[in-house]
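Numbering (this note's numbering), first residue to last: 57 to 250.
No residue lacks a Cβ here, since even glycine has one placed at the ideal position from N, Cα and C.
Encoded as structure tokens, the structure appears first; notes follow it.
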Amino acid sequence: MQHRLLRNTIIGIGMLGLLSACGQAKSPAEQPLASPAMSKPQVTSSSPISAPSQATPQATPAQDNNKQLKIKAYYGDESGEKLVEQETNISYQQDDEKYMAALKALSMSSDSKNIALFKGFTFHSAAAKSGLLTINVTMAPEARLGSGGEALLLQALKKTIFQFSEINNIEVLVDGKSVESLMGHMDLPHPIKR
């Protein structure tokens, strides 16, 4: 009994160390990723400025095309033991872009107490067809978590994506290939079902 408790304690401490270190090491790298996303709307707004006589007709469709949606994104808590729900706004132009926007929201948290479980992930595509969302990702070496972190990551993915009622299944590909596990700890179903 004591051996089991000691083993679980050591695993828990190790997982906390990994999650804490990952969150701190990737914070500066995350900020430049946020800047290009913010610069895209700035590029859009600069073109109406160059043509002031047509600024009003061009600005109105551009604003109408940017849709806003409030979703619940899920992150790890400070100790890396449970998921924390956080409401966030995503913006997109076409309906099929909302999935990518939701995934990118998972890779950064506005609350420093929450751990963005998807830090170090690059989302290449998120395409929905007949209720199946196929996601293609690349993981940086530092994005790998322990078994507890991987379990939380998969839960965060499911809870965030299954908010969209039209999605019933999620297929996750790593560099375009189907893998048995994202990080070697948890089985990755193909597809993940609602």
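- In the same chain as T178, and ignoring 5 residues on each side of it, the C-beta atoms closer than 6 Å to its own belong to T194, in chain order.
- Within a 10 Å sphere around the beta-carbon of S163 sit 16 or more other beta-carbons, which makes this residue buried.
- Going by beta carbons, L159 and A196 fall outside the 8 Å limit.
- The closest CA to that of E222, considering only A184, G240, S165, S203, is found on A184.
- The continuous stretches of alpha helix (DSSP H) do not include I226, which lies in the beta strand (DSSP E) extending over residues 225-230.
- Excluding residues up to 5 positions away in sequence, L244 lie with their Cβ nearer than 7 Å to the Cβ of V235 in the same chain.
- Scanning E227, S237, G240 for the CA closest to the CA of R250 turns up E227.
- By the CB criterion at 8 Å, S165 and A172 fall inside the cutoff.
- Judged by their CB atoms, L188 and N145 are not nearer to each other than the 8 Å cut-off.
- By the neighbour-count criterion, in which a residue is buried when 16 or more other Cβ atoms sit within 10 angstroms of its Cβ, N122 is exposed.
- Looking at the DSSP output, F179 bridges to V193.
- Residue state for L125 is assigned as strand, using DSSP reduced to three classes.
- Taking the CA atoms as reference points, L208 sits about 18 Å from I127.
- Q211: member of the alpha helix (DSSP H) spanning 203-217, first to last residue.
- Residue range 139-148 is occupied by the beta strand (DSSP E) that includes L139.
- Beta bridge pairing from DSSP links Y130 with E141.
- Ranked by how close their Cα comes to the Cα of G205, the residues Q124, D231, L125, K138 have K138 in first place.
- The continuous alpha helix (DSSP H) containing K154 extends over residues 154-162.
- Secondary-structure assignment with DSSP links K169 through no beta bridge to anything.
- Excluding residues up to 5 positions away in sequence, N122, K123, L125, K154, M156, A157 lie with their Cβ nearer than 8 Å to the Cβ of Y148 in the same chain.
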